[in-house]
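Protein chains in written order, with the working numbering: chain A, 9 to 129; chain B, 9 to 129.
Even for Gly, the Cβ is constructed at its ideal location relative to N, Cα and C.
Computed from a predicted model, the values in this text were never measured in an experiment.
Heads up, the thing below is written out as structure tokens.
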DNA sequence: GAGCCTGTCAACCAGAAGGTTGAAAGACTC
DNA sequence: GAGTCTTTCAACCTTCTGGTTGACAGGCTC
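Below you can see the structure in the form of structure tokens.
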């Protein structure tokens, strides 16, 4: 089950059509018909994609007159960013530490290998 | 078809198990058995997940002695980051422009509204 | 109110995804 | 070289997904 937020977000963006919708919505709100226009698929299919994006929080549909608009929501990008940055930073830190260890190993005699104990999980 | 890179990446990260693997690998390389240990699933299933991550470029399996290690690859994070930032920035720019228009429209209000741009987290 | 466009819902279908079991090939240890 | 551990392949099952068609409700305009 893709019940948690990030799963829904990543799953929503895994589809090229939906990524394209996001890309186009970043340039401005659009009606469903405008959104659907470039794609070779039924309007119902577009609605389904829209629902996926909406459930993921990537898009909202503010109430209004009949040709309702679709709007990109940006908070979700922050969520993704936080997730990515967290692990990227952690991995980078780890690599820097490893580099330091390797540099020290090169400098000194090769039998200081026990220093690895801190870097290998 | 999830043939392009970003689709594969997002699809790979849409699964909580795989995100958890990425999270744990960011702390250090691991063998498949170590990776599999916390999960209630067969080793074959873990290999399948690993293959998805590998095909997405999120993970590599450098050659070596038999309990081969799994390593997190970070270039992919840059790709995602670029995608996210691109549309986020575009949408932000658009909102700022919209704010400016709105501010001009009700010209009664002074342009204190511009201060809002610093408060958007 | 009739008609038309917009927006939804439900049923269905084909294919992909996540998981299982079973078998088998490689690599390491003794 | 026998035995064990690691890795992979193939078949199968079930659920999810992306798409279709068809029907139908909500609003707008005449």
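Could you tell me whether the Cβ of residue i comes closer than 7 Å to any Cβ of chain A?
i	result
residue 76 of chain B	no
residue 22 of chain B	yes
residue 99 of chain B	yes
residue 162 of chain B	The requested residue 162 of chain B is not part of the displayed model; chain B covers only 9 to 129.
residue 29 of chain B	no
residue 34 of chain B	yes
residue 127 of chain B	Residue confidence for residue 127 of chain B is low, a pLDDT of 42 falling below 50, so the modelled location carries little weight and cannot support an answer.
Should residue i and residue j be called a contact, given that it needs their Cβ atoms to be closer than 7 Å?
i	j	result
residue 77 of chain A	residue 37 of chain A	yes
residue 84 of chain B	residue 17 of chain B	yes
residue 31 of chain A	residue 64 of chain A	no
residue 24 of chain A	residue 15 of chain B	yes
Output the distance between the C-alpha atoms of residue i and residue j, rounded to the nearest integer angstrom.
i	j	result
residue 122 of chain B	residue 100 of chain B	Legend: pLDDT at residue 122 of chain B = 41, less than 50; position of this residue unreliable, no value from coordinates given.
residue 82 of chain B	residue 40 of chain B	19 Å
residue 79 of chain B	residue 102 of chain B	39 Å
residue 71 of chain A	residue 13 of chain B	36 Å
residue 75 of chain B	residue 44 of chain B	13 Å
residue 27 of chain A	residue 49 of chain A	16 Å
residue 95 of chain A	residue 73 of chain B	27 Å
residue 98 of chain B	residue 97 of chain A	25 Å
residue 46 of chain B	residue 92 of chain B	31 Å
residue 86 of chain B	residue 104 of chain A	18 Å
residue 55 of chain A	residue 42 of chain A	12 Å
residue 51 of chain B	residue 112 of chain A	37 Å
residue 90 of chain A	residue 62 of chain B	23 Å
residue 11 of chain A	residue 11 of chain B	25 Å
How about residue i: is its C-beta nearer than 7 Å to some C-beta of chain B?
i	result
residue 49 of chain A	no
residue 80 of chain A	yes
residue 73 of chain A	no
residue 19 of chain A	yes
residue 68 of chain A	no
residue 124 of chain A	At residue 124 of chain A, the pLDDT of 39 sits below 50, so the modelled position is not reliable; the number obtained from the coordinates is stated separately. So no, residue 124 of chain A is outside the interface.
Could you check how far apart the C-beta atoms of residue i and residue j are, in whole angstroms? I think they sit under 8 Å.
i	j	result
residue 57 of chain B	residue 29 of chain B	7 Å
residue 22 of chain B	residue 22 of chain A	6 Å
- Item | Segments of 4+ residues assigned as alpha helix (DSSP H) that fall wholly inside the segment 49-116 of chain B | 51-63 and 83-113
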